[in-house]
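Structure first, then comments.
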Amino acid sequence: MGTVVSVDVRGLEDPAADDALRSVFSWLRFVDETFSTYKEGSEISRLGRGELPPADCSPDVRFVLDACERLRTETAGYFDSHAAGSLDPSGFVKGWSVEVASSMLADRGSTNHCINAGGDVRVRGVPEDGRMWNVGVVHPHDRSALTTVVAVRDAGVATSGTAERGAHVFDPFSHEPVTDLLSVTIVGPELAYTDAYATAAFAMGHRAPEWLATLANHESYVIDAGGFAWWTPGFVRYAPALVGS
Amino acid sequence: MKRAVAAVGLTIVGLYLVVTFRSTPVKSQVMSAPTPTTRASTETQPETTNAPVATAPPAETTRTVTGPPITMQYGTVQVALTLRGQTITNVAAPQMPFDRPRSAYISQTVAPWLKDEVLKAQSAQIDTISGATYTSEAYIQSLQGAIDQAKT
Numbered sequence: 003m004g005t006v007v008s009v010d011v012r013g014l015e016d017p018a019a020d021d022a023l024r025s026v027f028s029w030l031r032f033v034d035e036t037f038s039t040y041k042e043g044s045e046i047s048r049l050g051r052g053e054l055p056p057a058d059c060s061p062d063v064r065f066v067l068d069a070c071e072r073l074r075t076e077t078a079g080y081f082d083s084h085a086a087g088s089l090d091p092s093g094f095v096k097g098w099s100v101e102v103a104s105s106m107l108a109d110r111g112s113t114n115h116c117i118n119a120g121g122d123v124r125v126r127g128v129p130e131d132g133r134m135w136n137v138g139v140v141h142p143h144d145r146s147a148l149t150t151v152v153a154v155r156d157a158g159v160a161t162s163g164t165a166e167r168g169a170h171v172f173d174p175f176s177h178e179p180v181t182d183l184l185s186v187t188i189v190g191p192e193l194a195y196t197d198a199y200a201t202a203a204f205a206m207g208h209r210a211p212e213w214l215a216t217l218a219n220h221e222s223y224v225i226d227a228g229g230f231a232w233w234t235p236g237f238v239r240y241a242p243a244l245v246g247s
Numbered sequence: 019m020k021r022a023v024a025a026v027g028l029t030i031v032g033l034y035l036v037v038t039f040r041s042t043p044v045k046s047q048v049m050s051a052p053t054p055t056t057r058a059s060t061e062t063q064p065e066t067t068n069a070p071v072a073t074a075p076p077a078e079t080t081r082t083v084t085g086p087p088i089t090m091q092y093g094t095v096q097v098a099l100t101l102r103g104q105t106i107t108n109v110a111a112p113q114m115p116f117d118r119p120r121s122a123y124i125s126q127t128v129a130p131w132l133k134d135e136v137l138k139a140q141s142a143q144i145d146t147i148s149g150a151t152y153t154s155e156a157y158i159q160s161l162q163g164a165i166d167q168a169k170t
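Those sequence lines, one after another, are chains D and U. In short: position in the first sequence from 1, add 2, done, that's my numbering. In short: position in the second sequence from 1, add 18, done, that's my numbering.
Quick look at the structure:
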C-alpha cells in the first residue's frame, strides 16, 4: 500500500513491549499480503481481476468491501474504492488496519501509544503524565512547517491533501484532479473513518465544509486553495490556540 | 519507551523491515512521521524480514552503516543503521532538518491570522506529524542507501 508505519509505545517494558510490537507488525504484514493492489496474488488483486468470487473472500476482505460500500453511500459517492478504475480499498484499509493494530496493542497491555501510518495517526492514552499527544498538522505549502497542532488522546487524526506528491486526489465524478482544497484534517474516534472521511471531503472540494459540519463526533480543519483555513466549532477543543483567531 | 518502525509494502517486492529500537525521547520526537522502508529483495535478505532484537545471536558483530545524505528543500537527511549480523537493531538519523531550532516551523502562506496559532504551536512538544512530509521521502531514500550498503 506504499505506506510506512511507526509505532511509539510508552510505559510498557520488555518483553511485553516486544510481543505487542511483533503482533502488530505481523498483522500489518498480513494486511499488506491480503489487500495490496501491487501484489498480483493478493486477495484484492484476484478479486479485482474477477478470479475470486466475492462470496469466497475471507471475512476480513468482506468486512472491508462492506465498509467501503457504506462509506460510498455515506459520502454521496466521494469515497469510492473504484475511483482509480479498478478495485482499490486502500483508502479504508490503511486507517482500519491501524485501528485494529491499536486495539491489539491495548489488548496486550499497551494503553499509551501512538501509531503513524504515512501521516495518518492513531493515539491511545497519553505520552506522559499531564499532557496529551501533540500531533502537528503539516503545512500544505511547506512540508517542513506545521499549520496547527492538535492535542488528543484516544483519537484518530487523518490529513488528506496534495502535499504528498502533487495533486493526487481525483473527483470520482469528473475524474479531474481536485484543486479546491489544499488539505483536510479530521479528528475522530476511529482512524478508519477519519481517514476515509478526509479523503472524501478532499474530493468534495468547496462543498466539503458543509458536509463535514454534518459529521457527528468528528471535528475538521480545512485549508482551501486560497490559503484560508476553516474549522468546525468543536475543533478548537483540540487546538485551543485557534480560539480568538 | 519503545518505538518501532516498519515498512509496509512500498514496492512490488514488498519486503517488510521491522525495526525495534530504543528511542531517546527528545531527539526522536520529530521522527515519528518520517519512517523508513526498504526495497531490498526477500531473496537476498530473508533475515531482515524480522528483526528479533532480543533473540539475535550475541556472537555476531555489531556494525553501523550510514546512508547517503539526501538533500531536499529544507535541509539534509541522513540515516544510520546499526546491525548485529544481518539484523537491524537501531535506526538513527544523524542529520535531520527538524533538528534545527523550532523556528523552522514558520507559516508563510496560510492566512495571516493563522501565524499566531503557528507561533504558539512552536512551543508545544510535537509527538508526531499528520500529513506527509518531504522529510519522510528523504529519510526513506537515505535508509534505502544504508540497507543496500549493509547487504554488500
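Beta carbons: idealized from backbone N, C-alpha and C, even for Gly.
query, result
"Straight-line CA distance for THR82(U) to SER8(D)?", "21 Å"
"Do GLU101(D) and ARG124(D) have their CB atoms nearer than 9 Å?", "yes"
"Which residues in the same chain have their Cβ closer than 6 Å to the Cβ of ASN118(D), if we skip the five residues on either side of it in sequence?", "SER8"
"For VAL139(D), name the three-state secondary structure that DSSP assigns.", "strand"
"For chain U, is any of its Cβ atoms less than 9 Å away from the one on PRO174(D)?", "no"
"VAL7(D) by DSSP, collapsed to three states: which one?", "strand"
"Tell me, to the nearest whole angstrom, how far the beta carbon of ALA203(D) is from that of ALA210(D); I am working on the premise that it is less than 8 Å.", "4 Å"
"Can you say whether SER162(D) is buried or exposed, counting buried as having 16 or more other CB atoms within 10 angstroms of its CB?", "buried"
"Do GLN143(U) and GLY85(U) have their C-beta atoms within less than 9 Å of each other?", "no"
"Taking the straight line between their C-alpha atoms, what separation do you get for THR39(D) and ASP90(D)?", "7 Å"
"How would you label ASN219(D), buried or exposed, when you count the other beta carbons within 10 angstroms and need 16 or more for buried?", "exposed"
"Quick one: which chain D residues come within Cβ less than 9 Å of THR143(U)?", "Position check: residue 143(U) holds Gln in this sequence, whereas Thr was assumed. The answer, in chain order, is PRO129, ARG133 and ASN136."
"Between which two residues does the beta strand (DSSP E) holding LEU67(D) run?", "Where LEU67(D) is concerned, there is no enclosing beta strand (DSSP E), although the alpha helix (DSSP H) it sits in stretches over 61-76."
"Please decide whether GLY149(U) counts as near chain D, where near means a Cβ-Cβ distance under 9 Å.", "yes"
"What are the partner residues of TRP233(D), as DSSP defines its beta bridges?", "TYR223(D)"
"Are the beta-carbon atoms of SER88(D) and ALA19(D) separated by less than 9 Å?", "no"
"Alpha carbon to alpha carbon, what distance is there between VAL97(U) and VAL171(D)?", "31 Å"
"Is the shortest distance between the beta-carbon of ALA160(D) and the beta-carbons of chain U less than 9 Å?", "yes"
"In three-state terms, what does DSSP make of ARG110(D)?", "coil"
"Tell me whether ARG126(D) sits in a helix, a strand or coil according to DSSP, three-state version.", "strand"
"Below 8 Å, how does it come out for the segment 220-232 of chain D and the segment 177-197 of chain D: are there three or more Cβ pairs, yes or no?", "yes"
"Does SER148(U) come out as helix, strand or coil in the three-state DSSP assignment?", "strand"
"Against chain D, with Cβ distances strictly below 9 Å, would THR79(U) count as a contact?", "no"
"For LEU101(U), which residues in the same chain have their Cβ closer than 8 Å to its Cβ, ignoring the five residues on either side in sequence?", "THR80, ARG81, THR82, VAL83, THR107 and ALA168"
"At a Cβ threshold of 9 Å, is GLY236(D) touching chain U?", "no"
"Look at the alpha carbon of ALA205(D) and the alpha carbon of VAL66(D), and state the distance between them as a whole number of angstroms.", "21 Å"
"PHE175(D) bridges to which residues according to DSSP?", "Paired residues: none, contrary to the question."
"Please list the partners that GLY163(D) has in chain U, where partner means a Cβ-to-Cβ separation under 7 Å.", "GLY149"
"Less than 9 Å between CB atoms is the rule here; does THR146(U) satisfy it with respect to chain D?", "yes"
"I believe VAL63(D) touches GLU45(D) by the beta-carbon criterion, under 8 Å. Please report the beta-carbon distance rounded to the nearest angstrom.", "5 Å"
"Would ASN118(D) pass as an interface residue toward chain U - the criterion being a Cβ-Cβ separation below 9 Å?", "yes"
"Can you tell me where the alpha helix (DSSP H) with SER185(D) in it begins and where it stops?", "Per DSSP, SER185(D) belongs to no alpha helix (DSSP H); it is in the beta strand (DSSP E), 183-190."
"Contact defined as beta carbons within less than 8 Å: I believe SER148(U) pairs with ASP122(D). What is the distance between those atoms, to the nearest angstrom?", "7 Å"
"Are the beta-carbon atoms belonging to TYR80(D) and PRO179(D) less than 9 Å from one another?", "no"
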